[in-house]
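Novice:
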Amino acid sequence: MANTAVFLIGGGWTADAYPRTYGPFVQAATVGGRTRIACVLLDDAHRDDLFGMVQFAFNAAGTTDVYPVFVSPARPLQRADVEGATGIFVAGGHTPAYHDAIVPSASAWIRELVESGIPYAGNSAGAMIGPERAIAGGWRMTRAGQQVEICSKEVSEEVDELDVRPGLGLVPFSVDPHAAQYGTPTRLLHAIDAGRVDDGWAIDEDTVLIVRDGEVSVAGRGVAWHVRKVEGGLTVEIRPAQD
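For the sequence shown, counting from 1, position 186 maps to 186 in UniProt numbering; every step adds exactly one.
If you want it as structure tokens, here you go:
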């Protein structure tokens with residue numbers, strides 16, 4: 001895919017990191033001096049507070065032209081919701097609900113828009129649903145007939161067993177956010193070692209994984225952990241931010 005840009009943020013709400021984590025997406029979403037970002041949020045009790053936090057982050061990154069789109073499994077994302085937007089941002093929250101509200105109804109046309117040059121960004125849940133194979137939650141899995149813990153229960157998304165689903169298909173690898181903060185690299189390691197996903201990146205909070213025309217870079221305050229399966233085991237590369 002040519003002329004594509006995808007920005008996957010590992011969570012975090014540190015204000016002085018916003019220009020580095022949200023700024024690259026804002027730059028990509030600015031066309032002819034115009035920026036218009038559709039901010040997709042789950043329609044729940046936290047939606048207004050969350051939109052206020054996202055607005056603040058985008059203001060710090062250089063734009064005030066952000067509008068909310070509230071979605072739910074009962075009212076999924078529609079193409080008309082992002083008509084005229086120069087960028088699509090999906091916020092964080094309960095990943096399985098975001099998945100159900102976005103992926104079944106919107107994956108095909110979101111891919112079309114990204115391929116046409118409209119950038120996509122996701123923070124936490126929004127990052128998790130972006131790949132071909134989306135890690136949607138879970139903190140345990142069965143290995144060799146025995147149930148083992150694979151990460152902190154705090155990031156289970158209220159799901160017990162590892163949950164991997166079809167995602168938006170914007171990148172070929174899976175993503176797990178909150179890496180250093182909640183130990184999600186271990187969930188990714190288990191998922192890849194067990195063959196549930198083939199390749200993945202765990203992303204620290206206040207850190208963004210940037211994928212431009214297939215090339216990966218890291219910006220922000222932390223690191224990203226690249227896990228791949230190779231003959232005889234796994235490889236892990238820790239890539240620090242380069243901004």
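Where a beta carbon is used, it is the ideal one built from N, C-alpha and C, also for glycine.
Near W13, what residues of its chain come up, given a Cβ to Cβ distance below 6 Å and the 5 sequence neighbours on each side ignored?
Specialist: For the purposes of this step, residue 13 is identified with residue 13 of the sequence shown, where counting begins at 1. Same-chain partners within the cutoff: there are none.
Novice: Taking 7 Å as the limit between beta carbons, can you name the residues of its chain near S156, skipping five residues before and five after?
Specialist: In the sequence shown, counting from the first residue as 1, residue 156 sits at position 156. Hits under 7 Å: G137, G138, W139.
Novice: Please check the pair G93 and L50, which I expect to be a contact at CB under 8 Å, by giving their CB distance rounded to whole angstroms.
Specialist: Indexing the sequence shown from 1 puts residue 93 at position 93. Indexing the sequence shown from 1 puts residue 50 at position 50. Yes, G93 and L50 are in contact; Cβ-Cβ is about 7 Å, under 8 Å.
Novice: Let me know the secondary structure DSSP gives W139 once reduced to three states.
Specialist: Translated into positions along the sequence shown, residue 139 becomes position 139. In the structure shown, W139 sits in coil (DSSP, three-state: anything other than H, G, I, E or B).
Novice: In terms of alpha-carbon separation, which member of Y98, T63, E83 lies closest to A74?
Specialist: Position 74 of the sequence shown, counting from 1, holds the residue named residue 74. The shortest C-alpha separation from A74 is found at Y98.
Novice: Any idea what DSSP makes of R212, helix, strand or coil?
Specialist: On the sequence shown, residue 212 is found 212 positions in, with the first residue counted as 1. Three-state result, R212: strand.
Novice: Hey, how far is the Cα of V175 from the Cα of R133?
Specialist: As a position in the sequence shown, residue 175 is number 175, starting the count at 1. As a position in the sequence shown, residue 133 is number 133, starting the count at 1. Taking the straight line from one Cα to the other gives about 9 Å.
Novice: How would you write the range of the beta strand (DSSP E) that Y120 sits in, first residue to last?
Specialist: Your numbering for residue 120 matches position 120 in the sequence shown. Counting along the chain, the beta strand (DSSP E) containing Y120 begins and ends at 120–123.
Novice: Quick check on W201: buried or exposed, where buried means 16 or more other Cβ atoms within 10 Å of its Cβ?
Specialist: Along the sequence shown, read from residue 1 onward, the residue named residue 201 stands at position 201. Buried, because 16 or more other Cβ atoms sit within 10 Å of the Cβ of W201.
Novice: Excluding five sequence neighbours on each side, which residues of the same chain lie with their C-beta closer than 6 Å to the C-beta of S124?
Specialist: Along the sequence shown, read from residue 1 onward, the residue named residue 124 stands at position 124. Taken in chain order, the residues that qualify are G11, G92, P177.
Novice: Over the uninterrupted alpha helix (DSSP H) stretch that includes V82, give me the two end residues.
Specialist: Residue numbering aside, residue 82 sits at position 82 when the sequence shown is read from its first letter. Here V82 belongs to no alpha helix (DSSP H), and DSSP marks it neither H nor E.
Novice: Is the beta carbon of P76 sitting closer than 8 Å to the one on S105?
Specialist: Along the sequence shown, read from residue 1 onward, the residue named residue 76 stands at position 76. Along the sequence shown, read from residue 1 onward, the residue named residue 105 stands at position 105. Yes; because the gap between Cβ atoms is below 8 Å, this pair is in contact.
Novice: Quick check on F173: does DSSP put it in helix, strand or coil?
Specialist: Locating residue 173 in the sequence shown gives position 173, counting from the first residue. Note: F173 maps to coil in three-state DSSP.
Novice: Out of P240, W225, A241, point me to the one whose CA is closest to L234's CA.
Specialist: On the sequence shown, position 234 is the one that residue 234 refers to. Out of P240, W225, A241, W225 has the C-alpha closest to the C-alpha of L234.
Novice: Where D65 and A194 are concerned, what is the direct C-alpha to C-alpha distance, given to the nearest angstrom?
Specialist: On the sequence shown, residue 65 is found 65 positions in, with the first residue counted as 1. On the sequence shown, residue 194 is found 194 positions in, with the first residue counted as 1. One C-alpha to the other measures close to 43 Å.
Novice: I think T207 touches A241, with their Cβ atoms under 8 Å apart; what is that distance to the nearest whole Å?
Specialist: As a first step, residue 207 must be located in the sequence shown, where it is residue number 207. As a first step, residue 241 must be located in the sequence shown, where it is residue number 241. Confirmed, Cβ separation roughly 6 Å.
Novice: Which of the three DSSP states, helix, strand or coil, is assigned to P104?
Specialist: Counted from its first residue, the sequence shown places residue 104 at position 104. Here P104 sits in helix by DSSP.
Novice: Kindly indicate the opening and closing residues of the alpha helix (DSSP H) around T184.
Specialist: Here residue 184 corresponds to residue number 184 of the sequence shown, with the count starting at 1. From DSSP, the alpha helix (DSSP H) with T184 extends over 184–193.
Novice: Does V114 pass the burial test, meaning 16 or more other C-beta atoms within 10 Å, or should it be called exposed?
Specialist: The residue given as residue 114 occupies position 114 in the sequence shown. By the 10 Å Cβ count, V114 comes out buried.
Novice: Using DSSP bridges, identify the partner residues of Y18.
Specialist: The count along the sequence shown starts at 1 and reaches residue 18 at position 18. Its beta-bridge partners do not exist; DSSP assigns none.
Novice: Report yes if the CB atom of S107 is closer than 8 Å to the CB atom of L41, and no otherwise.
Specialist: Working through the sequence shown from its first residue, we reach residue 107 at position 107. Working through the sequence shown from its first residue, we reach residue 41 at position 41. Result no, Cβ atoms of S107 and L41 do not sit closer than 8 Å.
Novice: Report the residue from V90, V197, T184 whose alpha carbon sits nearest the alpha carbon of V223.
Specialist: By 1-based counting over the sequence shown, the position of residue 223 is 223. When only C-alpha atoms are compared, the closest one is T184.
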